[in-house]
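Asks:
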Amino acid sequence: GESVGLHLPTLSVQEGDNSIINCAYSNSASDYFIWYKQESGKGPQFIIDIRSNMDKRQGQRVTVLLNKTVKHLSLQIAATQPGDSAVYFCAENIPGGYNKLIFGAGTRLAVHP
Amino acid sequence: NAGVTQTPKFQVLKTGQSMTLQCAQDMNHNSMYWYRQDPGMGLRLIYYSASEGTTDKGEVPNGYNVSRLNKREFSLRLESAAPSQTSVYFCASSRGQQETQYFGPGTRLLVL
Chain A
1 GESVGLHLPT LSVQEGDNSI INCAYSNSAS DYFIWYKQES GKGPQFIIDI
51 RSNMDKRQGQ RVTVLLNKTV KHLSLQIAAT QPGDSAVYFC AENIPGGYNK
101 LIFGAGTRLA VHP
Chain B
114 NAGVTQTPKF QVLKTGQSMT LQCAQDMNHN SMYWYRQDPG MGLRLIYYSA
164 SEGTTDKGEV PNGYNVSRLN KREFSLRLES AAPSQTSVYF CASSRGQQET
214 QYFGPGTRLL VL
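One line per chain: the protein sequences are A and B, in this order.
86 is the number that this note's numbering gives to position 86 of the first sequence; each next residue is one higher, with no gaps.
Quick note: to get this note's numbering, add 113 to the position in the second sequence (first position is 1).
1. Beta-carbon of A:Asn-93 versus every beta-carbon of chain B: anything under 8 Å?
2. Tell me, which residues are paired with A:Thr-107 by DSSP?
3. In chain A, what lies closer than 7 Å to B:Met-154 by C-beta?
4. Assuming A:His-72 is part of the beta strand (DSSP E), what are its boundary residues?
5. So which residues on chain B does A:Ile-34 lean against when the C-beta distance must stay under 7 Å?
6. Could you name the residues of the same chain whose beta carbon sits closer than 7 Å to that of B:Arg-157, not counting the 5 residues immediately before and after it, in chain order?
7. Listed in chain order, which residues of the segment 188-207 of chain B have Cβ atoms closer than 7 Å to some Cβ of chain A?
8. Rounded to a whole number of angstroms, what is the C-alpha to C-alpha distance between B:Met-140 and B:Pro-218?
9. Can you tell me the Cα-Cα spacing of A:Ile-77 and A:Ala-29, whole angstroms?
10. Should A:Asp-49 be flagged as near chain B, meaning a C-beta pair shorter than 8 Å?
11. In terms of alpha-carbon separation, which member of B:Glu-165, B:Ser-193, B:Ala-194 lies closest to B:Ser-180?
12. Tell me which same chain residues have a C-beta within less than 6 Å of the C-beta of A:Ser-52, skipping the five on either side of it?
13. 8 Å is my cut-off, CB to CB: does B:Pro-218 come that close to chain A?
14. Excluding the five sequence neighbours on either side, which residues of its own chain have a C-beta within less than 7 Å of the C-beta of A:Ser-85, listed in chain order?
15. Taking all protein chains shown into account, do 16 or more other C-beta atoms lie within 10 angstroms of the C-beta of A:Ile-20, making it buried, or fewer, making it exposed?
16. Tell me the rounded alpha-carbon separation between B:Lys-122 and A:Thr-69.
17. Who are the Cβ neighbours of A:Asn-27 in its own chain at under 6 Å, not counting the five residues just before and after it?
18. Suppose only complete runs of 3+ residues qualify. What are the beta strand (DSSP E) ranges in the segment 133-166 of chain B, listed by chain order?
19. Is there at least one Cβ from chain B nearer than 8 Å to A:Gly-59's Cβ?
20. Per DSSP, what are the beta-bridge partners of B:Thr-118 in this structure?
21. Leaving aside the five residues before and after B:Leu-225 along the sequence, list all residues of the same chain whose C-beta is less than 6 Å from its C-beta, in chain order.
22. What are the boundary residues of the beta strand (DSSP E) that A:Leu-66 is part of?
23. Would you report the Cα separation of B:Thr-133 and B:Gln-210, rounded to the nearest angstrom?
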């Protein structure tokens, strides 16, 4: 089975509920943020991104909120489905040099019928 | 359009053996990256290539080497594998700096 994420925090939700996954980032100079979804045995999959000149961005069933004052990022998933069960990572881009992404350890989302 | 592909999917090595992990992307991206992922930890950057012909160390480069063979391909080599290198390895690519990175499916490596 998948060895990644054995000790990750877990968010359990009922199918159809809205989910909110939180992330605290480390660097106040970070200018670009990405949410990834990783299903068991697969690579991280891009969900949505947001640049630091924005505080909200919406996609299909997902919304990312950015609060630069407290260095906090959240991912909201509307009407959560069983297929949303996965580990979710936030990543921050620290400018300068190269496209250096710093990844959080992730949160496991478990969707129950 | 396959995106980012990696070979092999699984590999078991004995301590001291060498191997090369292959990565290719068909998105015409300039930048490519190698990460390792360990339980309970975020992805850590091993090496990256900002553009064809350049490579640089990331956060955890010791014990690894890379080759940017051409714009499409970026390989990771373990010259003398150690048990501490047991991990899942991901290759990623991006169009350029400040661009989203897209990941391959990973290579699961076990070093005994």
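Glycine residues also receive a C-beta, built at the ideal position from the N, C-alpha and C atoms.
Replies: Taking the definition as stated:
1. yes
2. A:Tyr-88
3. Ala-105
4. 72-77
5. Here the neighbours are Thr-213.
6. Tyr-148, Arg-149, Glu-172, Val-173
7. Val-201, Phe-203, Ser-207
8. 15 Å
9. 27 Å
10. yes
11. B:Glu-165
12. Asp-31
13. yes
14. Leu-109, Ala-110, Val-111
15. It is exposed - the Cβ of A:Ile-20 has fewer than 16 other Cβ atoms within 10 Å.
16. 42 Å
17. Ile-94
18. 144-150, 157-162
19. At a cut-off of 8 Å between beta-carbon atoms, A:Gly-59 makes no contact with chain B.
20. B:Ala-137
21. Lys-127
22. Counting along the chain, the unbroken beta strand (DSSP E) around A:Leu-66 starts and ends at 62-67.
23. 26 Å
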